[in-house]
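Participant: The working numbering puts the first residue of the sequence shown at 92, with every later residue one more than the last. No residue lacks a Cβ here, since even glycine has one placed at the ideal position from N, Cα and C. Keep in mind it's a predicted model, so treat the numbers as computed, not measured.
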Amino acid sequence: MSRLKICITGGAGFIGSHVVRLFVNKYPQYDIVNLDKLTYAGNLMNLHDLEDLPNYTFIKGDIVDEVFVNELFQEQKFDAIIHLAAESHVDRSISNPLEFIKTNILGTVNLLNAAKNEWKDNMEGKTFYHISTDEVYGSLGDTGFFTEDTAYDPRSPYSSSKASSDHLVRAYHHTYKLPVVVSNCSNNYGSFQFPEKLIPLAINNIKHFRPIPVYGKGENIRDWLYVEDHASAIDLIFHQGKKGETYNIGGENEWKNIDLIHRLCKVMDELLQRAEGTSAKLITFVQDRAGHDARYAIDCSKLKNELGWKPSLQFEEGLKKTVQWYLSQEEWLSAVTSGDYLNYYESQYTKR
Ligand code: NAD
Ligand code: TYD
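#1: Three or more C-beta pairs under 8 Å: does that hold for the stretch 121–131 against the stretch 160–178?
#2: Hey, which unbroken runs of the beta strand (DSSP E) at 3 residues or more fall wholly within the stretch 122–185?
#3: Please list, in chain order, all residues of the same chain as Y329 whose beta carbon is under 8 Å from its beta carbon, the five residues on each side excluded.
#4: Check whether the Cβ atoms of L231 and A371 lie closer than 8 Å to each other.
#5: Mapping DSSP to helix, strand and coil, what is P481?
#6: Any idea if G102 is buried or exposed, counting beta-carbon neighbours within 10 angstroms, 16 or more meaning buried?
#7: Taking just the CA atoms, how far does P291 sit from H321?
#8: Could you give the C-beta distance for F169 and K96, rounded to a whole number, given that I count them as a contact under 8 Å?
#9: Could you tell me which of I374, Y440, E142, H383 sits nearest to S250, measuring between CA atoms?
#10: Using a threshold of 7 Å, is the CB atom of D212 nearer than that to any non-hydrogen atom of the ligand TYD?
#11: When the Cα atoms are used, what is the spatial distance from S256 to T369?
#12: My output table needs one value for D257: the three-state DSSP class, helix, strand or coil.
#13: Does DSSP put P304 in a helix, in a strand, or in coil?
#14: Which value, in whole angstroms, describes the spacing of the CA atoms of W416 and G107?
#15: Return the CA-CA distance between L394 and A366, expressed in angstroms with no decimal places.
#16: Give every residue of the same chain whose Cβ lies closer than 7 Å to the Cβ of L144, excluding the five residues on either side of it in the sequence, and list them in chain order.
#17: According to DSSP, is C391 helix, strand or coil?
#18: Would you kindly report the start and end of the unbroken beta strand (DSSP E) that includes K193?
#19: Given a cut-off of 8 Å, decide if N348 and L316 are closer than it, judged by their beta-carbon atoms.
#20: On the premise that H264 lies in contact with G446, defined as a C-beta separation below 8 Å, what is that separation, rounded to the nearest angstrom?
#21: To the nearest angstrom, report how far apart L235 and P302 are at their CA atoms.
#22: Provide the residue span of the alpha helix (DSSP H) that contains H299, from first to last.
#23: When the Cβ atoms of the stretch 307–315 are set against those of the stretch 151–166, are three or more pairs found closer than 8 Å?
#24: Three-state secondary structure (DSSP) at Y440?
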């Protein structure tokens with residue numbers, strides 16, 4: 092296999108850290124450069140185990156800074172980009188949309204321009220892989236699934252900014268022949284997820300006997316995928332996906348939020364050796380999210396049929412592994428939930 096220099100953006104965040112770990116360990120012949128601004132969501136503790144490996148480098152930088160991105164690309168001569176850096180939390184996008192526009196749209200355009208300029212004389216063997224979300228497709232009713240052909244209908248500032256970046260990536264393929272590939276994935280769960288998202292937030296609150304905030308009536312549905320299965324899909328698509336194509340990635344694992352939380356409470360009671368029903372008493376219905384999408388569900392048959400991908404874990408097993416990980420990571424959890432997190436939590440939840 093040829094030597095490649097790959098820039099993975101957002102590698103110190105949740106999914107990015109799993110992708111970096113997979114690529115660094117599985118492909119010692121590749122040079123992996125992790126480019127991350129280290130916002131509140133990025134943390135080098137997530138990749139502590141890779142720090143001394145010879146095929147791994149970390150570069151701190153902001154993809155919104157055009158001059159920095161251009162200089163970096165001129166200097167580093169990347170063969171490929173796997174782009175995960177983003178502002179990723181819907182609730183934060185509702186209170187502060189502009190950060191999402193800057194990072195998710197302008198940041199992506201800066202990377203596209205830098206790649207286009209560097210690769211313009213020879214695009215052979217190059218790849219710009221853009222990681223996106225199922226939320227760009229909008230919201231489903233009780234039936235149906237998002238396919239790669241579903242028309243975009245984003246509803247939140249987060250999903251709109253991701254939709255915009257997806258369109259730009261495809262436009263660079265169409266207009267400049269940039270060798271791009273895009274994937275749109277459903278909700279991920281697993282280790283190293285920042286505890287502002289539903290599952291780690293609930294785990295942390297249950298652990299400390301704090302209320303579990305469930306938006307509205309808890310009837311919204313999400314399709315959950317174990318993060319390492321997302322990383323394995325990214326590996327497959329990076330190596331075997333066709334340029335210009337889009338692949339949907341999903342867990343075929345739909346849960347109503349309230350049912351998921353009850354399941355999580357059961358696992359927490361067992362692992363913390365608390366009496367059955369203790370955690371469920373913490374469930375608290377709070378004011379709904381503005382514009383809350385009702386249901387997401389992915390049809391990932393293209394990825395399964397064309398590239399042979401399949402998820403490795405059942406949800407029960409993945410959820411238990413996830414809870415065990417959070418319970419064993421006292422230091423990580425307290426580091427990421429100190430400081431700014433407390434201010435965020437206060438402003439997000441005390442008013443609900
Ligand atoms: P995350 O919030 O955990 O991590 C994002 C990372 O990007 C952080 O390390 C952060 O420091 C970095 N970053 C943010 N702004 C930056 C900037 N301006 N310059 C450089 N780095 C910056 O996000 P995640 O959940 O790991 O999501 C990663 C990607 O996957 C995102 O593009 C997201 O849209 C997509 N995605 C996420 C999910 C999910 O369930 N979490 C599902 C589908 C797709
Ligand atoms: P989240 O993890 O924020 O992911 P997304 O909004 O990208 O799907 O939320 C998952 C679901 O859980 C979503 O329907 C909103 C809901 N939710 C709550 O009920 N309470 C919470 O405190 C959070 C963060 C989310």
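Facilitator: According to the data block:
#1: Flag = yes, the stretch 121–131 and the stretch 160–178 touch.
#2: The stretch 122–185 contains, as complete beta strand (DSSP E) runs of 3+ residues, the segments 122–127, 147–151, 171–174 (chain order).
#3: First, the amino acid is wrong: residue 329 is Phe here, not Tyr. Sequence-distant Cβ neighbours of F329 in its own chain, meaning closer than 8 Å and more than five residues away, are A171, I173, T218, Y220, V272.
#4: Going by C-beta atoms, L231 is not nearer than 8 Å to A371.
#5: This structure cannot settle anything about residue 481, because the visible part of the chain is limited to 92 through 443.
#6: It counts as buried.
#7: So the two alpha carbons sit approximately 18 Å from each other.
#8: 5 Å between Cβ atoms; contact.
#9: Among I374, Y440, E142, H383, the Cα nearest to that of S250 belongs to H383.
#10: Set against 7 Å, the gap from the CB of D212 to the closest heavy atom of the ligand TYD is not smaller.
#11: So the alpha carbons of these two residues sit roughly 44 Å apart.
#12: In the structure shown, D257 adopts helical secondary structure according to DSSP, grouped into three states.
#13: DSSP, reduced to helix, strand and coil, places P304 within a strand of the structure shown.
#14: W416 and G107 have their C-alpha atoms spaced approximately 18 Å apart.
#15: Going from the Cα of L394 to the Cα of A366 covers about 43 Å.
#16: Shown here for L144: same chain residues with a beta carbon closer than 7 Å to its own, the five before and five after excluded, namely V115 in chain order.
#17: C391 falls in the coil class under three-state DSSP.
#18: Note, K193: premise wrong, no beta strand (DSSP E); not H, not E.
#19: Not in contact: L316 and N348 (Cβ atoms no closer than 8 Å).
#20: Shown here, the chain extends from 92 to 443; a query on residue 446 therefore has no answer.
#21: The sequence shown places Gly at residue 235, not Leu. So the alpha carbons of these two residues sit roughly 33 Å apart.
#22: Here H299 belongs to no alpha helix (DSSP H), and DSSP marks it neither H nor E.
#23: Segments in contact, no.
#24: Y440: helix per DSSP, three-state reduction.
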